[in-house]
Amino acid sequence: MPVNIVFAGTPAFSIPSLQALVNSKHTISCVLTQPDRRAGRGRKIQQSPIKKQALLSGLPVRQPETLKDEETQAYLKSLAPDLMIVIAYGLILPQPILDIPQLGCINLHASILPRWRGAAPIQRAILSGDQESGITVMQMDAGLDTGDMLSISTCAIAATQTGGELHDTLSELGANVLVDVVSGLEAGAVTAEPQDDALACYAHKIEKAEAQINWRDSAIEIDRLVRAFNPWPVAWTVYGDKKLRIWQARIVDSHHSAAVGTVIGADKHGILVATGAGVISAQTVQLPGGKPMPAHAFVNAHQIEGYCFASL
3 MPVNIVFAGT PAFSIPSLQA LVNSKHTISC VLTQPDRRAG RGRKIQQSPI KKQALLSGLP
63 VRQPETLKDE ETQAYLKSLA PDLMIVIAYG LILPQPILDI PQLGCINLHA SILPRWRGAA
123 PIQRAILSGD QESGITVMQM DAGLDTGDML SISTCAIAAT QTGGELHDTL SELGANVLVD
183 VVSGLEAGAV TAEPQDDALA CYAHKIEKAE AQINWRDSAI EIDRLVRAFN PWPVAWTVYG
243 DKKLRIWQAR IVDSHHSAAV GTVIGADKHG ILVATGAGVI SAQTVQLPGG KPMPAHAFVN
303 AHQIEGYCFA SL
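Following our numbering, the numbering of the sequence shown begins with 3 at its first residue and continues without gaps.
Structure follows, in structure tokens:
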């Protein structure tokens with residue numbers, strides 16, 4: 003039997019899952035997403051990626067500021083949903099909402115729970131040097147990513163993978179497993195597994211200030227920082243009086259005796275910088291107002307060899 007679903011999501015990460023449900027036998031009676039916000043350099047009002055996709059699919063969309071008001075709760079009750087699916091929605095579901103669907107509310111979360119609960123599991127996994135990530139579908143409760151797990155799917159984190167690339171991999175992985183979980187719930191064929199709270203880590207929201215490179219860190223740690231924060235907020239350092247963004251870098255198998263932050267080599271292969279342990283090669287950089295450029299183009303225009311980037 004088709005499952006009557008209320009879908010709640012906001013960013014592009016949720017789109018493949020929404021589309022997979024649209025293409026399934028199940029029914030989406032409403033899509034909830036964040037209200038239109040000002041965004042971008044022009045600060046123009048913009049619709050969320052999920053709203054755009056839902057409208058293209060002919061789905062009804064609601065954008066409440068909160069789920070605590072009685073009008074929104076009454077509307078959702080009137081839909082008599084079997085299930086509510088939440089993927090990076092951005093609003094907390096109060097208990098009256100959790101109680102509405104017959105099969106409850108489930109969340110698709112971008113980590114292998116309970117490893118990374120919270121807002122930024124993708125970036126935190128790369129920053130911490132995790133070798134794998136994944137998607138967990140869980141039954142929602144009143145806690146933050148604490149509900150019983152219904153499905154876990156894993157994937158390796160490649161040594162060169164960026165936050166953006168892992169985001170896209172997990173987005174597609176989630177879409178691939180979600181429809182099966184929904185059908186399993188409807189058939190009563192899914193077993194819930196409690197999380198081990200003792201293994202939980204909290205993936206704090208990313209702050210822009212975290213993206214500044216501390217050259218006292220090791221080359222390994224700086225490489226993780228560059229990868230985790232590509233495409234946002236992008237790792238950076240100070241060059242003169244300007245912020246120099248570093249979009250891509252790689253670890254160089256080399257030793258040095260230079261002060262940390264010193265450019266010990268600069269040519270067509272990269273900008274080699276001494277770190278607290280090892281050498282990092284900046285491959286793609288960007289100055290304010292310009293576009294990302296390969297290191298050799300930057301080296302041709304700037305006398306950077308011997309320059310010392312300040313450490314925190």
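The beta-carbon is built from N, C-alpha and C at its ideal position, and this holds for glycine as well.
Own chain partners of residue i with C-beta closer than 6 angstroms, once the 5 adjacent residues on each side are dropped
i      : result
His298 : Lys270
Leu34  : Ala10, Arg64
Ala56  : Val33, Val63
Gly149 : Met140, Gln141, Met142, Asp143
Asp38  : Ile47, Gln49
Selected residue, minimal CA-CA separation from residue i, among the options
i      : options                       : result
Ser16  : Ile102, Asn178, Ser130        : Asn178
Arg119 : Ala200, Leu78, Ala205         : Ala205
Asp199 : Ile52, Pro116, His258, Arg252 : Pro116
His287 : Pro4, Arg45, Ile248, Gln104   : With the sequence shown as reference, residue 287 is identified as Val, and His is not the correct amino acid for it. Cα-wise, what sits closest to Val287 is Ile248.
Pro70  : Leu81, Ile94, Ser50           : A quick correction: the sequence has Lys, not Pro, at residue 70. Comparing Cα-Cα distances from Lys70 to each of Leu81, Ile94, Ser50, the minimum goes to Ile94.
Ile222 : Leu129, Gln21, Asp147         : Leu129
Lys210 : Phe231, Ser256, Pro196        : Phe231
Lys245 : Glu73, Thr138, Phe311, Ile137 : Phe311
Ala279 : Trp217, Glu73, Ala112, Glu67  : Trp217
7 angstroms Cβ shell around residue i - same chain, five flanking residues per side excluded
i      : result
Ile208 : Ala122, Gln125, Pro235
Pro96  : Leu69, Lys70
Cutoff 8 angstroms; reference residue i; Cβ partners in own chain excluding five residues on either side
i      : result
Ile7   : Leu23, His28, Thr29, Ile30, Ser31, Pro83, Asp84, Leu85, Met86, Ile87, Val184
Ile99  : Leu69, Gln75, Leu78, Met86, Cys107
Leu180 : Ser19, Ala22, Leu23, Ile87, Leu110, Val139
Where the beta strand (DSSP E) containing residue i begins and where it ends
i      : result
Gln48  : 46-48
Ile30  : 29-34
Leu110 : 107-111
Ala237 : 237-241
Gly308 : Premise fails: Gly308 is in no beta strand (DSSP E) and is neither H nor E.
Range of the contiguous alpha helix (DSSP H) that encloses residue i
i      : result
Val228 : 221-230
Ala22  : 17-24
is_contact[residue i, chain B] using C-beta, thresh 8 angstroms
i      : result
Pro103 : Among the chains in the structure shown there is no chain B, since it carries only a single protein chain.
>> Please give me, in chain order, every unbroken run of the alpha helix (DSSP H) with length at least 4 that falls completely inside the stretch 121-202.
In response: 123-129, 165-189
> Can you find at least 3 beta carbon pairs, one from the stretch 150-162 and one from the stretch 230-245, that sit closer than 8 angstroms?
Replying inline: no
> Any contact of the stretch 83-94 with the stretch 11-28, i.e. 3+ C-beta pairs under 8 angstroms?
Replying inline: yes
> Which runs of the beta strand (DSSP E) fall wholly inside the stretch 250-303 and span at least 3 residues, in chain order?
Replying inline: 265-269, 272-276, 281-288
> Which parts of the stretch 37-102 are runs of the alpha helix (DSSP H), unbroken and 4 residues or longer, counting only runs that do not cross its ends?
Replying inline: 51-58, 72-80, 97-100
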